[in-house]
Each structure stands twice: as structure tokens, then as C-alpha cells.
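K.L.:
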Ligand code: KIV
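Residue numbers (this note's numbering): 4 to 278.
Have a look at this one:
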């Protein structure tokens, strides 16, 4: 049974400026998804820096074939559940498909994630016109995590879950998009399925931290879907993930191993990255 975590936090709360300080000091940021209070408290105990309520919940919790059917009500419900399991870990929640279709809609959705869900930051996919939304949220002091590279909400346009930025032209476009989301006011940037050398270049050019998933070891931090990390996701394991439960006897040990490997730059290895 889940018991609410009411004990005093053992460490200082992770903050948005704190993430920037970690980049400046060369300390890797550990991010992991969570969708409920029990997993959230596992992340908290393992000292994970950032918990992400990803719209990946549509696939790994709801059993759907993409993230597109996830609603803002789903996101608020899971974000509030995760918030109850955390005390010092920073909470980030995804803006689901089309909740960011224009500035007013995105403001309403982000306000619900923050006020009802307890999120400290919202994540949004894409650049271009999305930069207007990022700027509007930042102006209202809602911290934003941008998400570039493989953006799963664009799966139909991308034609599948494929590595992005592989040609010189696509790489330059991604670099420009990264500069644009930072200029718009994003505080953090997730890079998903991007060649490691390109992610390293973006990381060194930007002043905001980058968090990689399939983007090489040189990002400022790493994120995985918690069920991938535990080897629970059915089907073929994605190249960028690793089963950290294999050879360990608890979920806590697996999450702690992931956190340690990220901080010591042992994960991801070249075998989890793309060229
Ligand atoms: O939805 C999600 O879980 C994500 C991560 C994979 C970065 O966006």
C-alpha cells in the first residue's frame, strides 16, 4: 500500500535555477518518468533530480499505440498523483497533444498542470510557432522544458519513431530550433533520438541544460521512461534504454544504479547512442 511521504525532505528541493547551476558546475541531471505516487516516492528516495510525468503514459500505462490520445485531464490526474509522492524532486509535466494549439489553450493547460497537478515546469514539443507559446508561458513565470529531435506527438508527420537530425541540413535546423527555444525563454531542453555529436554541439552552445534520451553522454542530463529502465516495456527494447533491474533485486536499486551511472557518465554508452 502507498503511504504518503510526510517526512522532512532529506535534501534541499531541486529548483529551476538549481538545474542551471548544475550545468554550470558540470553536475549531471538525473530525470526519470513517473506516473503515480508509489513510483514517485521510489524516485525521491533514489535522489532523482527531476520527475517527468510524460505523455508516454498513454503508451506505457494506458496501452495505446501513441501519445496522441492523452488528454489534459489524464495529465492532471497523473501529475497530482506523482506530486503526492515527491518532496524535493522537481516535477515536470507534459502538455499533451493539441493542448498547446494556441497561446490561450496552452496557458489554460499549463495553469492546470501547475495549480491542480503541482508541476513546477511544463514540457512542450517542437519549435517554430511553439516559441510563441514558450514565450507566453515564460512571461507568466511558468518554467518550460522544450523537447526537440524525435517529438512523439509528431509521429504521423515524422513517419515513425526515427532518429532526427541525421543529415547536415536537418542537423542545422535542429540547432536553429534549439537556439530559438532558448531565446523564447525555455529553461530546459529534452533532446530525443539525436546523433550524439549534434546533441554535444547543442549542449555546448546553449546556456540552458539539455537532457538526452538517445542523444549521447554529453548532454547535461539523461532521462528514461521508468518502465523501460525496469525492463517492463513489452517488445523490443529501444536502443537508447537499458534494463537496470537485470541483476538487481529491487526497483530502488535499479533506479539508484541509473542515477549513479548518469552522474558518473557511465550511461549512456555508445551502444545506447546514435551517430
Ligand atoms: O513522454 C515522455 O515520457 C517523454 C520522455 C521520453 C522524454 O517525453
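For each residue, glycine too, the CB sits at the ideal point set by N, CA and C.
1) Buried or exposed: residue 3, going by 16 or more other Cβ atoms within 10 Å of its Cβ?
2) Check whether the Cβ atoms of residue 192 and residue 149 sit closer than 8 Å, and answer yes or no.
3) What's the C-alpha gap between residue 183 and residue 199?
4) According to DSSP, simplified to helix, strand and coil, what is residue 97?
5) Check whether the Cβ atoms of residue 270 and residue 277 sit closer than 8 Å, and answer yes or no.
6) Cutting at 8 Å between CB atoms, please list the residues of its own chain near residue 189, excluding the five before and the five after it.
7) Would residue 69 and residue 78 qualify as a contact pair, given that the criterion is a beta-carbon distance under 8 Å?
8) Looking only at its own chain, which residues have a Cβ that is under 6 Å from the Cβ of residue 25, when we skip the five neighbours before and after it?
9) Would you kindly work out how many angstroms separate the C-alpha atoms of residue 252 and residue 243, rounded to a whole number?
10) Between residue 139 and residue 125, which are expected to be in contact by the criterion C-beta below 8 Å, what is the C-beta distance as a whole number of angstroms?
11) In terms of alpha-carbon separation, which member of 145, 101, 105, 106 lies closest to residue 121?
12) Using DSSP with H/G/I as helix, E/B as strand and the rest coil, what is residue 254?
13) Taking the alpha-carbon of residue 281 as reference, which of 14, 71, 159, 19 has the nearest alpha-carbon?
14) Starting from residue 179, trace the alpha helix (DSSP H) in both directions and tell me its first and last residue.
15) Out of curiosity, what's the CA-to-CA distance linking residue 128 and residue 258?
16) Should residue 44 be counted as a contact of ligand 1 given a C-beta to heavy atom distance under 7 Å?
17) Does the distance between the C-beta of residue 133 and the nearest non-hydrogen atom of ligand 1 fall short of 7 Å?
P.N.:
Here's the rundown:
1) Here the chain comprises residues numbered 4 to 278, so residue 3 is not present and cannot be evaluated.
2) Taking the first residue of the chain shown as position 1, residue 192 is located at position 189. Taking the first residue of the chain shown as position 1, residue 149 is located at position 146. Closer than 8 Å, so yes.
3) The residue you call residue 183 lines up with position 180 of the chain shown. The residue you call residue 199 lines up with position 196 of the chain shown. The alpha-carbon atoms of residue 183 and residue 199 are separated by roughly 20 Å.
4) Along the chain shown, read from residue 1 onward, the residue named residue 97 stands at position 94. The answer is strand: DSSP assigns residue 97 an E or B state.
5) Working through the chain shown from its first residue, we reach residue 270 at position 267. Working through the chain shown from its first residue, we reach residue 277 at position 274. In this structure, residue 277 does not lie closer than 8 Å to residue 270 by Cβ.
6) Sequence index remark: in the chain shown, residue 189 carries index 186 (1-based). By the criterion of a C-beta distance shorter than 8 Å, residue 189 is surrounded in its chain by 137, 141, 147, 148, 149, 211, once the five residues flanking it on both sides are discounted.
7) Position 66 of the chain shown, counted from the first residue, corresponds to residue 69. Position 75 of the chain shown, counted from the first residue, corresponds to residue 78. Not in contact: residue 69 and residue 78 (Cβ atoms no closer than 8 Å).
8) Here residue 25 refers to the residue found at position 22 of the chain shown. By the criterion of a C-beta distance shorter than 6 Å, residue 25 is surrounded in its chain by 32, once the five residues flanking it on both sides are discounted.
9) As a working mapping, residue 252 is identified with position 249 in the chain shown. As a working mapping, residue 243 is identified with position 240 in the chain shown. Using only the alpha carbons, I get a separation of about 23 Å.
10) Mapped onto the chain shown, residue 139 falls at position 136. Mapped onto the chain shown, residue 125 falls at position 122. Beta-carbon to beta-carbon, residue 139 and residue 125 are separated by about 12 Å, too far to satisfy the 8 Å threshold.
11) For the purposes of this step, residue 121 is identified with residue 118 of the chain shown, where counting begins at 1. When only C-alpha atoms are compared, the closest one is 145.
12) Along the chain shown, one-based indexing puts residue 254 at 251. In the structure shown, residue 254 sits in a helix (DSSP, three-state: H, G or I).
13) Nothing about residue 281 can be read from this structure; the chain reaches only from 4 to 278.
14) Indexing the chain shown from 1 puts residue 179 at position 176. It spans 171–187 - the alpha helix (DSSP H) in which residue 179 sits, taken as one unbroken run.
15) In the chain shown, counting from the first residue as 1, residue 128 sits at position 125. In the chain shown, counting from the first residue as 1, residue 258 sits at position 255. Their Cα atoms are separated by approximately 26 Å.
16) Residue 44 sits at position 41 when you count from the first residue of the chain shown. Checking the Cβ of residue 44 against ligand 1 gives no.
17) Your numbering for residue 133 matches position 130 in the chain shown. No, the beta carbon of residue 133 sits no closer than 7 Å to any heavy atom of ligand 1.
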